[in-house]
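J.:
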Amino acid sequence: MPDTYDIIIIGGGIIGAAIACNLALKKYGRIAVVERDQFLGNWATAKCAGGIRAQFSSEINVRMSMLSEDKFESFAEEMGVEVQFDQVGYLFLLTSEKEVTGFEKQFEMWRRLGHPTEWLSPHDITKLAPALATDDILAGTFSRRDGIGDPHQFTQGYVTASRRLGVKYLLETEAVGIEVESEKIIGVKTDRGLLATEHVVNAAGPNARKVAAWVGLDLPVEPIKRQIVTTAPLDFIDDSFPMVVDVGSGLYTHKESGGLLLGWADKSTPAGYDESVDPDYTDAILMKGLERIPQLETAQIKTAWGGLYSVTPDHHAILGNGDRFAGLYHAAGFSGHGFMHAPAVGVVMAELICGEPTSIDISRLSFERFRTSPPVEESVVI
Ligand SMILES: Cc1cc2nc3c(=O)[nH]c(=O)nc-3n(C[C@H](O)[C@H](O)[C@H](O)COP(=O)(O)OP(=O)(O)OC[C@H]3O[C@@H](n4cnc5c(N)ncnc54)[C@H](O)[C@@H]3O)c2cc1C
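Here the numbering used here = 1-based position in the sequence shown + 864.
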């Protein structure tokens, strides 16, 4: 007889762990997370820059972030684990009239929804972060509720708390199929044998499309490489340096171990599983960094890495059922904001699976949207 669970989550990244933990808090029953790797949180989650912000262009993303920020703030107390949400703030730099007009609209929306954000002049920006070149800057937006967190710490936080509540993490166990009988899910096939269940969550990160394909569903989620560079400590960066996003160039940067972490999305990168470090990509990030922070000229490069975003056509996640199988749920396609949304995803997915009303209306994130409505793009994607 195969081992039997009330639900099996495929993928032990931060999303799988957050869903497992929230289901366990609701005493859902026997919960297993299957993870092909030897370690949890070792794929996209391990490559994450750690940014947490609610300054998005779409209301649903703002709402997801605001719920997440509540949870990040109360995480240590609620979960009984050591974590840090460093609320140094997110600063968006605007260098064209078009950006200013777009952000003015968003700024109103953020305030209406209750996300505290300030509109800054170039002078305010220099006071906040003197290392930035501000000659070409027209304005900026800043929220001190946003900040950075360590994805490893929060993933381990969910894992520790959920293990205490009885969740089983089956490591070095690769899901290879979903077993269906008479149009009903009856199990997950793994390289170690069949696990019986009627409920499955696809939290396979960059592999989410492959998992959905096992039941004939085409989930529009593409893996695309993004690169990051970090520097050795820099004497002009102090503890209050915020997360900075240069909207025009797409550069983002925040303090990291006394130096800076810098990232940028090369939009010409083709979809695929390549995560290798491309030196030209690294150079392009550094050039953009130098333009915004001239003192970087003296920086010593510490390390660089590549990792995979899971990108959907409208840069919004896919949450909920697909179609055909009532027992199959997807939590995928986070398009570069899966870490910051993980706490909200854990909450709403657990509510959905338990048949409760969700804390946030997530219909906008349903798979169905690709069939029924013209896409509404999230435009503040970095
Ligand atoms: C360079 C970079 C920077 C980023 N910066 C940020 C940021 O600043 N803020 C932010 O919010 N997000 C950021 N992200 C995005 C964020 O890292 C992801 O959205 C998030 O980690 C997704 O978590 P996940 O659990 O869905 O995926 P993953 O962490 O990839 O987890 C999926 C897991 O599923 C497992 N798996 C896959 N297939 C199978 C299978 N068949 N059987 C068993 N296990 C399987 C994998 O091994 C993996 O552990 C960044 C991503 C990258 C690459």
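In this text, a Cβ means the ideal position worked out from N, Cα and C, and glycines have one as well. Remember, predicted model here, so these are calculated numbers, not experimental data.
If you draw a straight line from the alpha carbon of G1219 to that of I924, how long is it in whole angstroms?
T.: Translated into positions along the sequence shown, residue 1219 becomes position 355. Translated into positions along the sequence shown, residue 924 becomes position 60. For G1219 and I924, the distance between alpha carbons rounds to 21 Å.
J.: Looking at the secondary structure, which residues open and close the beta strand (DSSP E) in which K1119 lies?
T.: Residue numbering aside, residue 1119 sits at position 255 when the sequence shown is read from its first letter. Looking at the DSSP string, the run of the beta strand (DSSP E) that includes K1119 is 1115-1120.
J.: Name the residue from A1060, G1041, A918 whose alpha carbon lies nearest to the alpha carbon of M865.
T.: The residue given as residue 865 occupies position 1 in the sequence shown. Of A1060, G1041, A918, the residue nearest in Cα terms is A1060.
J.: Starting from W974, follow the alpha helix (DSSP H) in both directions and report where the run begins and ends.
T.: As a working note, residue 974 is residue 110 in the sequence shown. Counting along the chain, the alpha helix (DSSP H) containing W974 begins and ends at 961-977.
J.: Going by other Cβ atoms of all chains shown within 10 Å of its Cβ, with 16 needed for buried, is F1100 buried or exposed?
T.: Counting from 1 along the sequence shown, the entry for residue 1100 is found at position 236. That one is exposed.
J.: Could you compute how far the alpha carbon of K1089 sits from the alpha carbon of Y1137?
T.: As a working mapping, residue 1089 is identified with position 225 in the sequence shown. As a working mapping, residue 1137 is identified with position 273 in the sequence shown. The alpha-carbon atoms of K1089 and Y1137 are separated by roughly 7 Å.
J.: Who are R1090's beta bridge partners in DSSP?
T.: Start at 1 with the first residue of the sequence shown, and residue 1090 comes out as number 226. G1171.
J.: Cβ of K911 within 8 Å of Cβ of W1128?
T.: In the sequence shown, counting from the first residue as 1, residue 911 sits at position 47. In the sequence shown, counting from the first residue as 1, residue 1128 sits at position 264. For K911 and W1128, no; Cβs fall outside 8 Å.
J.: Is the distance from the Cβ of L1124 to the Cβ of L1154 below 8 Å?
T.: Locating residue 1124 in the sequence shown gives position 260, counting from the first residue. Locating residue 1154 in the sequence shown gives position 290, counting from the first residue. For L1124 and L1154, no; Cβs fall outside 8 Å.
J.: Could you give the uninterrupted runs of the alpha helix (DSSP H) lying entirely in the region 901-925, keeping only those of 4 residues or more?
T.: Complete alpha helix (DSSP H) runs here, min 4: 908-911.
J.: Would you kindly report the start and end of the unbroken alpha helix (DSSP H) that includes V1212?
T.: The residue you call residue 1212 lines up with position 348 of the sequence shown. Counting along the chain, the alpha helix (DSSP H) containing V1212 begins and ends at 1202-1217.
J.: For T1146, collect the residues of the same chain with a Cβ closer than 7 Å to its Cβ; drop the 5 residues on either side in sequence, then sort them by chain order.
T.: Residue numbering aside, residue 1146 sits at position 282 when the sequence shown is read from its first letter. These residues qualify, in order along the chain: Q1091, V1093, A1168.
J.: Is it buried or exposed, P1255, if we count other Cβ atoms within 10 angstroms and call 16 or more buried?
T.: Nothing in the structure corresponds to residue 1255, since the chain is present only between 865 and 1246.
J.: Consider the C-beta atom of E933 and the heavy atoms of ligand 1; say whether any pair is separated by less than 7 Å.
T.: Residue numbering aside, residue 933 sits at position 69 when the sequence shown is read from its first letter. E933 Cβ: outside cutoff for every heavy atom of ligand 1.
J.: Taking the C-alpha atoms as reference points, what is the distance between S1199 and A918?
T.: The residue given as residue 1199 occupies position 335 in the sequence shown. The residue given as residue 918 occupies position 54 in the sequence shown. S1199 and A918: Cα-Cα distance of roughly 15 Å.
J.: Does the beta-carbon of C912, which I'm using as the reference point, lie nearer than 7 Å to any heavy atom of ligand 1?
T.: Reading the sequence shown from its first residue, position 48 is the one you call residue 912. Indeed, a heavy atom of ligand 1 lies less than 7 Å from the Cβ.
J.: Less than 8 Å between the CB atoms is what I'm expecting for G1202 and A908, so what's the real figure, rounded?
T.: If you number the sequence shown from 1, residue 1202 lands on position 338. If you number the sequence shown from 1, residue 908 lands on position 44. At roughly 7 Å, the Cβ-Cβ gap stays under 8 Å, so G1202 and A908 are in contact.
J.: Count the CB pairs spanning the region 981-992 and the region 936-945 that are closer than 8 Å, and state whether there are at least three.
T.: Too few Cβ pairs lie closer than 8 Å, so no.
J.: Give a yes or no on contact between the region 1182-1198 and the region 1158-1167, applying the rule of three or more CB pairs nearer than 8 Å.
T.: These segments do not touch.
J.: When every heavy atom of ligand 1 is checked, does at least one fall within less than 7 Å of the C-beta of E961?
T.: Your numbering for residue 961 matches position 97 in the sequence shown. Outside the cutoff, so no.
J.: Identify whether D1014 lies in helix, strand or coil by the three-state DSSP scheme.
T.: Here residue 1014 refers to the residue found at position 150 when the sequence shown is read from its first residue. D1014: coil per DSSP, three-state reduction.
J.: Between which residues of its own chain and A1096 is the CB-CB distance below 6 Å, once the five residues before and five after are set aside?
T.: Residue numbering aside, residue 1096 sits at position 232 when the sequence shown is read from its first letter. These residues qualify, in order along the chain: G1123, Q1164, K1166.
J.: Near Q1020, which residues of its chain fall below 8 Å by C-beta distance, leaving aside the five closest residues on each side in sequence?
T.: The residue given as residue 1020 occupies position 156 in the sequence shown. Within the same chain, Q1020 has close Cβ partners L904, G905, V945.
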